[in-house]
Ligand SMILES: [Fe+2]
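In the working numbering, the protein residues as written are 3 to 306.
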């Protein structure tokens, strides 16, 4: 379905981190959700330098300029998503690689045209200078933050794909844990001694029948890292009203209300089967390789 965009990797190394980190992505021009996330980080006493954005600050919503400026002002570590890259390049589409004329292609053309005329050149240049990946270490676990996948910025991995899809990517990196975004669905997969976490998206729900959106918190433990996927409740009505007032595609408004996500029929069958069912996740302990791999067998790594 997609033409993956292979990237030459520019990686920013944050070194060793020994305090909780909030990882989030896919703000998607949703100012109200981003404001709620920042407030939640303050409540959790997680400072901006311990927040990491996995890309796509801009997409479907009504406030592309405001959200990019907020991320810039926040000053947290952030990587380029395909949208940041495309806007910085002055490209004509969002870079997801949708086939021409498909529902995804037609909807994305509308929001991308809206966003690309509302973000100033200074912010586009700032986004273009972001690194492609971030890496850091926490409690003995090495972690690589990517947008779609290590191999390509716009590879969609939704969670239910075969192990081989993830293992083929994980074997290309030296880290224990990969954190990605792009697809917008929260999940954690344990694969041998490695793991794959998607934080979900801040800007649009995960098709679970609620308007809640998603982020993750990683907390160092005596041995390894605790991974928590958290739902974000926010004041979604103003964000939806603005989207409609700007004439942006109605399917995004419906999804933000907790209705079906656009083009649900293109998602993996397992996601379609659980659509409309409220998600929750148990915390997952993650240690690196070997004994740790067997230790966490059977832990809740999927929605509970
Ligand atoms: Fe993306």
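Backbone N, C-alpha and C define an ideal beta-carbon position, used for all residues, glycine too.
Residue i (DSSP reduced to helix, strand or coil)
{"i": "residue 44", "result": "helix"}
{"i": "residue 60", "result": "coil"}
{"i": "residue 135", "result": "strand"}
{"i": "residue 196", "result": "strand"}
{"i": "residue 141", "result": "coil"}
{"i": "residue 1", "result": "This structure leaves residue 1 out entirely; the chain is present only between 3 and 306."}
{"i": "residue 217", "result": "strand"}
{"i": "residue 174", "result": "coil"}
{"i": "residue 115", "result": "helix"}
{"i": "residue 277", "result": "coil"}
{"i": "residue 307", "result": "Since the first and last residues shown for the chain are 3 and 306, residue 307 lies out of range."}
{"i": "residue 182", "result": "strand"}
{"i": "residue 188", "result": "strand"}
{"i": "residue 270", "result": "coil"}
{"i": "residue 296", "result": "A caution first: residue 296 carries a pLDDT of 36, below 50, which makes its placement in the model unreliable, though a value can still be read off. Residue 296: helix per DSSP, three-state reduction."}
{"i": "residue 242", "result": "helix"}
{"i": "residue 153", "result": "coil"}
Residue i versus residue j: straight-line alpha-carbon distance, rounded
{"i": "residue 289", "j": "residue 243", "result": "44 Å"}
{"i": "residue 166", "j": "residue 248", "result": "42 Å"}
{"i": "residue 114", "j": "residue 224", "result": "45 Å"}
{"i": "residue 138", "j": "residue 67", "result": "29 Å"}
{"i": "residue 163", "j": "residue 84", "result": "21 Å"}
{"i": "residue 235", "j": "residue 147", "result": "24 Å"}
{"i": "residue 80", "j": "residue 37", "result": "17 Å"}
{"i": "residue 12", "j": "residue 135", "result": "6 Å"}
{"i": "residue 149", "j": "residue 156", "result": "7 Å"}
{"i": "residue 168", "j": "residue 78", "result": "28 Å"}
{"i": "residue 73", "j": "residue 104", "result": "31 Å"}
{"i": "residue 34", "j": "residue 250", "result": "16 Å"}
{"i": "residue 22", "j": "residue 141", "result": "11 Å"}
{"i": "residue 116", "j": "residue 246", "result": "13 Å"}
{"i": "residue 298", "j": "residue 287", "result": "Here the model assigns residue 298 a pLDDT of 37, short of 50, so the residue's position is not dependable and the matter cannot be decided."}
{"i": "residue 194", "j": "residue 62", "result": "36 Å"}
{"i": "residue 174", "j": "residue 154", "result": "12 Å"}
{"i": "residue 95", "j": "residue 110", "result": "8 Å"}
{"i": "residue 40", "j": "residue 82", "result": "19 Å"}
{"i": "residue 275", "j": "residue 265", "result": "14 Å"}
{"i": "residue 125", "j": "residue 65", "result": "14 Å"}
Residue i, buried or exposed, once every other Cβ within 10 Å from all chains shown has been counted against 16
{"i": "residue 123", "result": "exposed"}
{"i": "residue 52", "result": "buried"}
{"i": "residue 282", "result": "exposed"}
{"i": "residue 108", "result": "exposed"}
{"i": "residue 75", "result": "exposed"}
{"i": "residue 201", "result": "buried"}
{"i": "residue 210", "result": "buried"}
{"i": "residue 15", "result": "exposed"}
{"i": "residue 1", "result": "Nothing can be reported for residue 1, as the shown portion of the chain is limited to 3 through 306."}
{"i": "residue 185", "result": "buried"}
{"i": "residue 118", "result": "buried"}
{"i": "residue 47", "result": "exposed"}
{"i": "residue 208", "result": "buried"}
{"i": "residue 178", "result": "buried"}
{"i": "residue 233", "result": "buried"}
{"i": "residue 239", "result": "exposed"}
Cβ pair residue i, residue j closer than 8 Å
{"i": "residue 203", "j": "residue 183", "result": "yes"}
{"i": "residue 1", "j": "residue 241", "result": "The first residue shown for the chain is 3 and the last is 306, placing residue 1 beyond what the model contains."}
{"i": "residue 192", "j": "residue 285", "result": "no"}
{"i": "residue 86", "j": "residue 59", "result": "yes"}
{"i": "residue 255", "j": "residue 263", "result": "no"}
{"i": "residue 171", "j": "residue 188", "result": "no"}
{"i": "residue 17", "j": "residue 56", "result": "no"}
{"i": "residue 132", "j": "residue 70", "result": "no"}
{"i": "residue 212", "j": "residue 161", "result": "no"}
{"i": "residue 30", "j": "residue 205", "result": "yes"}
{"i": "residue 106", "j": "residue 221", "result": "no"}
Chain D within 8 Å of residue i, Cβ atoms only
{"i": "residue 12", "result": "Among the protein chains of the structure shown there is no chain D, as only one such chain exists."}
*With contact counted as at least three CB pairs below 8 Å, one residue from each stretch, are the stretch 211-230 and the stretch 87-96 in contact?*
With a cut-off of 8 Å, the stretch 87-96 and the stretch 211-230 do not count as touching, because too few Cβ pairs lie within range.
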